[in-house]
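The next block holds one structure in the form of structure tokens; read it before the comments.
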Amino acid sequence: MDQDDEKISMLLGMGFPDVQAIKRALRLSNGDMNDAVTYLTENVLPSYNTVDDLRDVDMSDASTMGSAPPEYCNNSSGKQSNSLEFPATNLYELESRLFGESWVIPYKREESLGLCLIAATKLAEEGLCEADETCQRFLEKCLPECFQKLLNSLAVRRWGSDIQEGVLNMIDLLIDIIIARLRKGSLPEDLLRNSLSLVFDSETEWNQKNKHRTSEYIGEILYAEYNSKY
């Protein structure tokens, strides 16, 4: 199997059924898997016939840097999978939106960042994070960059209350990963230093923006149990 056939097989395995569309996406992206997934996910292929046509399209978003993340959902059913397989398609889509001058980061649980965080937690609960290369790529490369931008970019000052709550939801999912890793006795130092430390840094843009705000989020209230034996 040559390299092109291998990439076609990988994209078919990700759930893209049209072989011709896959070949076209690979041709337009010069064989780059990330760009190919973006083209297929965004459904832009039917409207553009040549690479020159596609060069005029801003694939990241028409908005300016750090604008409000888009409301979209890659999971067509709207349901979260119980599978332990890390969602590579969601990771590719997230990377394509994250690493660029005009970045956008989804902030809902059913979108790419939320799905990757949930999948990483499930793998962590089974002690399988290190064994999954795609999950490791997300944790080491994407996750720190996502929270750096969500918590400490100047764009935070412009985001509305719904997005601020969305960021809080992503923080909750990050905490879930931390808890799952601690229960397994393995918590990478980089995860603490690069991501969790930002959550508790009172000087970040997000914490400064929301320090006087009452959250609409209602979580569980935990109480310590009194034991008369001690």
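Position 99, counted from 1, in the sequence shown is what full-length UniProt numbering calls 99; the numbers after and before it change by one each time, with no gaps.
Glycine residues also receive a C-beta, built at the ideal position from the N, C-alpha and C atoms.
Contact under 9 Å by Cβ, residue i with residue j
| i | j | result |
| --- | --- | --- |
| residue 123 | residue 84 | yes |
| residue 86 | residue 142 | no |
| residue 129 | residue 181 | yes |
| residue 305 | residue 210 | The requested residue 305 does not occur in the structure, where the chain is confined to residues 1 to 230. |
| residue 107 | residue 166 | yes |
| residue 97 | residue 103 | yes |
| residue 117 | residue 176 | yes |
Cβ neighbour criterion (16 or more within 10 Å) applied to residue i
| i | result |
| --- | --- |
| residue 12 | exposed |
| residue 214 | exposed |
| residue 52 | No answer about residue 52 holds up, because its pLDDT of 33 lies below 50 and its placement is not dependable. |
Element boundaries [alpha helix (DSSP H), containing residue i]
| i | result |
| --- | --- |
| residue 92 | 88-98 |
| residue 147 | 143-152 |
| residue 161 | 161-183 |
| residue 105 | Taken as a continuous stretch (DSSP letters only), residue 105 belongs to no alpha helix (DSSP H), as it is neither H nor E. |
| residue 210 | 205-210 |
| residue 21 | 19-28 |
Three-state secondary structure assigned by DSSP to residue i
| i | result |
| --- | --- |
| residue 129 | coil |
| residue 134 | helix |
| residue 191 | helix |
| residue 196 | helix |
| residue 11 | helix |
| residue 84 | coil |
| residue 4 | helix |
| residue 35 | helix |
| residue 111 | coil |
| residue 157 | helix |
Cutoff 9 Å: residue i Cβ touching any chain D Cβ
| i | result |
| --- | --- |
| residue 165 | Absence of chain D from the displayed structure is noted, only one protein chain being present. |
*Within the chosen definition, does the region 161-176 reach the region 136-152 through at least 3 CB pairs nearer than 8 Å?*
Flag = yes, the region 161-176 and the region 136-152 touch.
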